[in-house]
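Quick note on the working numbering: the sequence shown kicks off at 576 and runs consecutively.
Backbone N, C-alpha and C define an ideal beta-carbon position, used for all residues, glycine too.
Take a look at the structure set out below.
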Amino acid sequence: MELPPYLRRNLPILDWATGYNRNTLTNDMLAAVIVTIMLIPQSLAYALLAGLPAEMGLYASILPLVAYAIFGTSRALAVGPVAVVSLMTAAAVGNLALQGTAEYAQAAITLAFMSGAILLVMGIFRLGFLANFLSHPVIAGFITASGILIATSQLKHIAGIEAHGHNMVELLYSLATHLSELNPITAAIGISTVAFLFWVRKGMKPLLLSLGLPPRLADTVTKAGPVFAVAATTLVTWGFDLGARGVAIVGDVPKGLPPFSLPSFSIDLWGALFMSALLISIIGFVESVSVAQTLAIKKRQRIVPDQELIGLGTSNIAAAISGGYPVTGGFARSVVNYDAGAETPAAGAFTAVGILLAALFLTPLLFFLPKATLAATIIVAVLSLVDLSILRSTWDYSRVDFAAVATTIALTLLMGVEIGVSAGVILSILLFLYKTSRPHVAEVGLVPGTQHFRNILRHQVETHPEVVTLRIDESLYFANARFLEDYIYDRIACEEPIAHVVLLCSAVNEIDMSALESLEQINHRLADLNIKLHLSEVKGPVMDKLQRSHLLDALSGEVFLCHYDAICALTNQPEGCEGESTSDAAE
């Protein structure tokens, strides 16, 4: 029986599950084993970063994976705790409750629920396009600064000292004032683990291949590097009783099924967390969709952003009701999932089973796990996010984008993640408004012997003293309507015998009400000066809207289908438009 389209659209599991077979099952289960090995230490570490009990990292990696497998559209995305969202959780909840208290954990659960609800609402109303207002330079700057901030925040665990702060200044000052308390044994564990994990990334696989291991096995063993670090440092700490010598350990991690939990419905708490939940939702969505689309392209698959909102929304709600905290799609684990051969979201569900088994049976083994090891895992993971080359590339390409990157990095480092990302969102919108409020307008002329029109400042073209042709390279809306008016008035304020102004609209995709009123005003002003206003190459959807207005009735000139026709008619040339004229909007 054929399933209704709306069911397939809203429940992607019904789409991929119909073709599920034994070979797909094998590939998904193998990928799940590899991702589970990687995810266990990561989940513990990111919970530590968020200031939460280690087990909450495991809880946030079980039900959310199942929820995404049902509602998500990516075949390879692995959902769970990630570094940036964990840092944002710590910043949001740290302002409301003391770390380690029941109120702190309850606030994190509530934050996950709120984030899930926001994502669900955005998905239901198809508001995924709102994430487009976060420009790539701003996202790159925020992630780079967050990576630096996260790595710095973990130095206290590497050194075995107390240090606090939500920005770089506070962290560095706190680290410096407590440096005399450094625990040499903790520092030795932390530094050696960092060095080992960096070597694992670069040197372990070539070594295993040189020893004759098959490439796939060598790759699997390499990805288990953090597990080896966890096992080795836990054994050393237990064997030499390093906990009694000042080495901070994870301690008792409750074993068992994730607890059923409910968020707080306190209006005061929701009010305090709303902006943080909104920012976490947007940042998490952008990061997740970017990863999902990158991996989908490699297999010629399709991601539906609005359905991704629903998938991530249900995942966060699942995290909230199972004792977790906000989650999203992680870059590193998703790439591992893809490389390991995952073919469907079922791989995520199998990973959830693996994490559940770890929560049931392995947590007692984590008692002596040094926090320095988890900190080292975080540092190595997040430093891969740091890309300072974005500063050089944006400086060379666009000073406006450089300003966006530099401002976002500086504010995130100096004032914290929430102010940094808030400024990034505002800056993205302001940059968009700035760029489009001053659209590129080119005066164009006819290339001799052709029907092509080009910028008079760039090419040798033919013009007529009575005709001014302006090509508008942007849609017209409230922010740039006055700019066009001023541009036209400045252009006609000369001694030339101008009789016609032609607006070449080949690049105009939209004219809003404010712009329409500006065009009407321009038409009246030019008519008072005995200058006719003409339009050419107006796109069909734009013309449909203009025909519902009074502009065309009052227009002093004409609307030409082809710009070459307009020039021939207005300059009294006998030949008409034999083909489609072109105007290069990039010049």
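Leaving aside the five residues before and after Asp971 along the sequence, list all residues of the same chain whose C-beta is less than 8 Å from its C-beta, in chain order. none
Considering only their Cβ atoms, is the gap separating Thr611 from Val805 smaller than 7 Å? no
What first and last residue would you give for the alpha helix (DSSP H) that runs through Asn1030? Looking at the DSSP string, Asn1030 is not in any alpha helix (DSSP H); the run it does join, the beta strand (DSSP E), is 1027-1030.
Check for me: the alpha helix (DSSP H) holding Ser863 runs from which residue to which? 842-873
Spatially closest choice to Ala917 from Trp591, Thr599, Tyr595, by CA coordinates: Thr599
What are the residues that DSSP puts in a beta bridge with Pro945? Ile824
Thinking just about the alpha-carbon of each residue, which of Lys830, Gly1024, Phe646 is nearest to the one in Gly698? Phe646
Among Tyr679, Lys1120, Ala1141, whose alpha-carbon lies nearest the alpha-carbon of His1075? Ala1141
Give me the residue from Ala653, Ala726, Val879 with the minimum Cα distance to Ala950. Ala726
Straight-line CA distance for Leu1045 to Val980? 34 Å
Secondary structure of Ala895, DSSP reduced to three states: helix
Ser1124 and Val713 - do their beta-carbons sit closer together than 7 Å? no
In the DSSP output, which residue or residues are listed as bridge partners for Glu1018? Leu1045
For Asn1084, collect the residues of the same chain with a Cβ closer than 6 Å to its Cβ; drop the 5 residues on either side in sequence, then sort them by chain order. Ser1050
Within its chain, find whatever has a CB closer than 7 Å to the CB of Gln876; leave out the 5 residues flanking it on each side and keep chain order. Arg650
Does the stretch 600-619 come within contact of the stretch 910-926, defined as at least 3 CB pairs closer than 8 Å? yes
Compute the distance between the beta-carbons of Ser890 and Val659, then report whether it is under 7 Å. no
Residue closest to Ala1235, alpha-carbon to alpha-carbon, out of Gly818, Phe860, Asp1065, Gly898: What the structure shows of the chain is the stretch from 576 to 1162, and residue 1235 is not part of that stretch, so it cannot be assessed.
How long is the line joining the alpha carbons of Gln882 and Ala1068, rounded to whole angstroms? 53 Å
Just to confirm the assignment: which complete beta strand (DSSP E) runs, minimum length 3, are found wholly within the stretch 1062-1093? 1075-1079
Taking the beta strand (DSSP E) that Leu1108 belongs to, which residues open and close that run? 1107-1111
Going along the chain, which residues of its own chain have a beta-carbon closer than 6 Å to the beta-carbon of Thr1157, five neighbours each way excluded? Any reading at Thr1157 must be qualified, since the residue scores a pLDDT of 46, below 50, and its modelled position is unreliable; the value itself is stated next. The residues are His1027.
Assuming Ile723 contacts Val961 under a Cβ cut-off of 8 Å, what Cβ separation, rounded to an integer in Å, is found between them? 6 Å
With the cut-off set at 7 Å, would you say Leu694 and Leu884 are in Cβ contact? yes
To the nearest angstrom, how far is it from the Cα of Glu737 to the Cα of His753? 7 Å
To the nearest angstrom, how far is the alpha carbon of Glu630 from that of Trp813? 20 Å
Straight-line Cα distance separating Asp827 from Leu932: 17 Å
Residue environment, Val996, which counts as buried when at least 16 other CB atoms sit within 10 Å: buried
With DSSP as the reference, label Leu1127 as helix, strand or coil. helix
Closest by CA to Thr938, which one among Val879, Val825, Lys1010, Arg967? Val825
The stretch 657-672 / the stretch 614-632 touching (three or more Cβ pairs under 8 Å): yes
In angstroms with no decimal places, state the Cα-to-Cα distance between Val668 and Val802. 29 Å
Suppose contacts are defined by Cβ-Cβ distances below 7 Å. Is Ala1054 in contact with Ser1012 by that definition? yes
Is the separation between the beta-carbon of Thr987 and that of Phe717 shorter than 7 Å? yes
Alpha carbon to alpha carbon, how far is Gly991 from Ala998? Give it in angstroms, no decimals. 11 Å
Three-state class that DSSP yields for Val713 in the structure shown: helix
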